[in-house]
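Here the structure is laid out as structure tokens; the discussion comes afterwards.
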Amino acid sequence: MAGLDPLRLAVLAAAAWCLAALVFQTVRAYRFGRHEIHSAAAGVSLKGIAYAFGPGMMPWGKESAARHLPTYLTGIGYHGAVFAALGYLVTVMSRVALPAEWRIPLTAVFAAGAAGGIGLLVKRAVKPVLRSISCPDDFAANVLVDLLLAAAIASLWIPGADTVLLATAALLFLYIPLGKIRHCFFFFYSRILFGIFFGRRGVLPPRPRESQP
Amino acid sequence: MTAEPTKDILEERLGRLTPADIRKAVETFRAALGHQGAADLNACVHCGLCADTCHYALTSDEPENPPAYKVNLVMAVFKRYFTRLGRTVPGWVGARELDETLTREWVDVLFGRCSLCGRCNLNCSVGLNITALITAARAALTAIGLIPPELQSTITTAYTTGNNMGIAQNDWVETVQWLEEELQAETGDPTARMPLDLHGARMLYTVNPREPKFFPLSLLAAGKVFYAAGESWTLATDYYDVTNYGLYSGEAPVAGELSDRLVRTVERLGCQELILGECGHGFNANRWAAPEWLSKRYPFRVRSVLELLAEYIRDGRITLDPSKHTEPVTLHDPCNLVRLGGVVEAQRFVLRHAVQQFVEMTPNREKNFCCGGGGGQLAMTRYAQRRLQAGRIKADQIGATAAKVVATPCHNCMDQLSELNKEYKLGVAIKTVCELVAEALVLPAQ
Ligand code: SF4
Ligand code: SF4
Ligand code: SF4
């Protein structure tokens, strides 16, 4: 394994742990019990799933987004930046040097993401509804991800800061299955079931208005 | 006068919880969650964005009202008993022991501040089935006797007498016979029938026992429409109750038995179809939940009477004269029938043929707001004040349409809407869809 220093190995090990633990948790969730469906469908599950991941994610598809547009957009930006940072992490892991002209746009993406993350953190700390449902894990998860974004910026500009990015990534991967960041996996599980539920009942996608029953 | 002693029974039970009770509650909770519940509780991001999709949260600032708070209460127990970090460092992840304090809060919030309308399900950032999570917690509470006794008594009455109003069989039969005479008088046809136990009838019609008890003309309206359509139908002498409050207690075996009685009746009478009368939760229970409670695929079709009415109109089996209703009519969409049931357009199609001015509420269809009477709230009188307060959203929706008549295909909703009508001085008439259709019916010439 030429080129794999201990830190890179640690990141790989942490990522493997993360994946294995998430798979294990999925199996455990599955073991809570699954039944065959017996009611006759009135709609199509697959159409429901397609809707759930398409129009159903848009502000006109759910009020949680429509009524909180700034938070919704911040959340999208935040998640986009995290995925970009993970992509960047792959290049750092494999020692692929990115063209220099990528540095500024990437910095902008990561910084915007981190700013969004901090904004959400502040919102969680001050809004009564959010405070009433938050626990240290909610704050820790946010901080860890913000740190990853900050470390990604540092590694773009400061020689040797790759090690900070790698260490943060390893920590993040170790933590993902333990705390709320595991939603990155379970989001898809839940969203698919959401699509199946409303799809087979013929609720989603919404039928053409005034259509003949 | 009546609410106090029942409240005491619940309080007394809360004070006598044993470790064995808690174990039983946790086991029931686990089984009721199933894989979807477990996945959902791993997926919630604590974003709180569901807060203002709920009529309780929109009408009161109490911190316990947002769906996120309710989910968090359920999640706290899930984490404590079923996650590693929850067991080892509960404070870090918000895990909580299901002790007396938390069980008391579960009862108050999960029974007392939720009508299981599913509006939050549809609008959750992730797509959690929040009603299923709350129902799983209710199932755990019910398993250890922590269900508000008023709701339990509705279920027990249905279980022991065959209908949730405890109507004696001879009273029911007499009511139907009297309605048959009324039908014959109205139609001028001495052969017009309100059949009971007619073997080989094409469909079995089920009703909310509230109809024979308080609103027999509503049942007569259905009979008149079936007569006009030349339908082959029957009522049953024993099991005719479309409601199933087991849906709200989460007690699957009891709920399953209540629905299975209808299944057995369809089979006993050799019918091809089970037609569910106008009842939101009765539709959800019998159309969607019961086959899963019973692990059974039905050999017959199950439809709402609304779908049947739409079919009659489409096939020209009945003719309606909309000029019988000149005042603006709006429609309340029962959550269990529409958002959670999938019967969305049939009632609109029917109303457009039965009335001259049909006005939609905003929002409507699957996005509609609950009237506030679901989830067993109408039965649980101790929470009546909250229910009326939460219903303000619905009252505002109705007021904004300037309609004079509110149609709703659910007798449960009718009760709540009637209370809202008084409380918020709406000055509207509230009718079922069948009633409006029957009034507009052009009877075949004799
Ligand atoms: S199901 Fe309805 S009443 Fe219950 S929390 Fe959700 S929106 Fe509120
Ligand atoms: S919107 Fe969904 S994910 Fe967000 S707090 Fe509410 S239930 Fe949880
Ligand atoms: S009472 Fe009516 S509106 Fe309310 S939950 Fe039931 S069906 Fe929904």
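Each protein sequence line maps, in turn, to chains A and B.
Residues 1 to 213, numbered by the working numbering, are exactly what the first sequence covers, in order.
Residues 1 to 446, numbered by the working numbering, are exactly what the second sequence covers, in order.
Positions of the beta carbon are idealized from the N, C-alpha and C atoms, including for glycine.
These numbers come from a predicted model, not from an experiment.
- Contact between residue 259 of chain B and residue 284 of chain B does not hold, since the beta-carbon distance rounds to 11 Å and is not under 8 Å.
- Ranked by Cα distance from residue 225 of chain B, the options B:248, B:210, B:193, B:238 are led by B:193.
- By the beta-carbon neighbour count (other beta carbons within 10 angstroms, threshold 16), residue 58 of chain A is exposed.
- Using a 10 angstroms sphere on the CB of residue 61 of chain B, the tally of other CB atoms stays under 16, which defines it as exposed.
- In the structure shown, the three-state DSSP call for residue 380 of chain B is coil.
- Look at the beta carbons and you see the stretch 350-362 of chain B touching the stretch 316-332 of chain B: at least three pairs across the two are nearer than 8 Å.
- Following the DSSP letters along the chain, one finds residue 75 of chain B inside the alpha helix (DSSP H) bounded by residues 67-82.
- Rounded to whole angstroms, the Cβ separation of residue 205 of chain A and residue 55 of chain A is 7 Å, and the two are in contact under 8 Å.
- Residues are counted here when their Cβ sits less than 8 Å from a Cβ of chain B; for the stretch 45-76 of chain A these are 52, 56, 62, 63, 64, 65, 67, 68, 71, 72, 75, given in chain order.
- For residue 93 of chain A, the uninterrupted alpha helix (DSSP H) run begins and ends at 69-93, by DSSP.
- Here the C-alpha atom of residue 333 of chain B lies approximately 7 Å from the C-alpha atom of residue 364 of chain B.
- Going by beta carbons, residue 208 of chain B and residue 117 of chain B fall outside the 7 Å limit.
- Residue-level contact check: residue 293 of chain B does not touch chain A, since none of the beta carbons of chain A fall below 7 Å from its beta carbon.
- Here the distance from the Cβ of residue 35 of chain A to the nearest heavy atom of ligand 2 is not below 6 Å.
- At a cut-off of 6 Å, the beta-carbon of residue 279 of chain B does not count as near ligand 2: no heavy atom of the ligand is closer than that.
- Close CB contacts of residue 266 of chain B within its chain, under the 6 Å cut and outside five residues either way in sequence, are with 204, 274, 300 (chain order).
- In the three-state scheme derived from DSSP, where H, G and I count as helix and E and B as strand, residue 21 of chain A is classed as helix.
- Here residue 67 of chain B has 50, 54, 120, 130 as same chain residues with Cβ atoms under 6 Å from its own Cβ, once five neighbours each way along the sequence are excluded.
- The residues 346, in chain order, have a CB closer than 6 Å to that of residue 307 of chain B in the same chain once the five nearest residues on each side in sequence are set aside.
- Contact with chain B is absent for residue 177 of chain A, since none of that chain's Cβ atoms lies less than 7 Å from the residue's Cβ.
- For residue 200 of chain A and residue 43 of chain A, the gap between their C-alpha atoms comes out near 4 Å.
- With 16 or more other Cβ atoms inside 10 Å of its own Cβ, residue 149 of chain B counts as buried.
- Secondary structure of residue 304 of chain B (DSSP, three-state): strand.
- By the C-beta criterion, the stretch 136-155 of chain B is judged not to be in contact with the stretch 409-427 of chain B, since fewer than 3 inter-stretch pairs fall below 8 Å.
- Per DSSP, residue 422 of chain B is not a residue of any beta strand (DSSP E); the alpha helix (DSSP H) it occupies stretches across 411-423.
- For residue 112 of chain B and residue 202 of chain B, the gap between their C-alpha atoms comes out near 41 Å.
- Proximity of residue 357 of chain B to chain A, defined by a Cβ-Cβ separation below 7 Å, is not satisfied.
- In chain order, 199, 200 place their CB closer than 7 Å to the CB of residue 270 of chain B, counting only its own chain and leaving out the 5 sequence neighbours on each side.
- Selection around ligand 1 by beta-carbon proximity, strictly under 6 Å to any non-hydrogen atom, yields B:53, B:54, B:56, B:67, B:70, B:114, B:115, B:116, B:117, B:118, B:119, B:120, B:130, B:131, B:370 in chain order.
- Residues 218, 221 of the same chain have their beta carbon placed closer than 7 Å to that of residue 435 of chain B, with the five preceding and five following residues left out of the count.
- The stretch 166-250 of chain B contains, as complete alpha helix (DSSP H) runs of 4+ residues, the segments 169-187, 210-214, 216-229, 246-249 (chain order).
- Of the heavy atoms belonging to ligand 2, at least one sits nearer than 6 Å to the Cβ of residue 48 of chain B.
- Close partners of residue 52 of chain B in chain A (Cβ separation under 7 Å): 67.
- Under the Cβ distance rule, residue 128 of chain B counts among the residues neighbouring chain A, one pair being separated by less than 7 Å.
- Interface with chain B (7 Å Cβ-Cβ cutoff): residue 30 of chain A is included.
- For residue 109 of chain B, the shortest separation between its Cβ and any heavy atom of ligand 2 does not lie below 6 Å.
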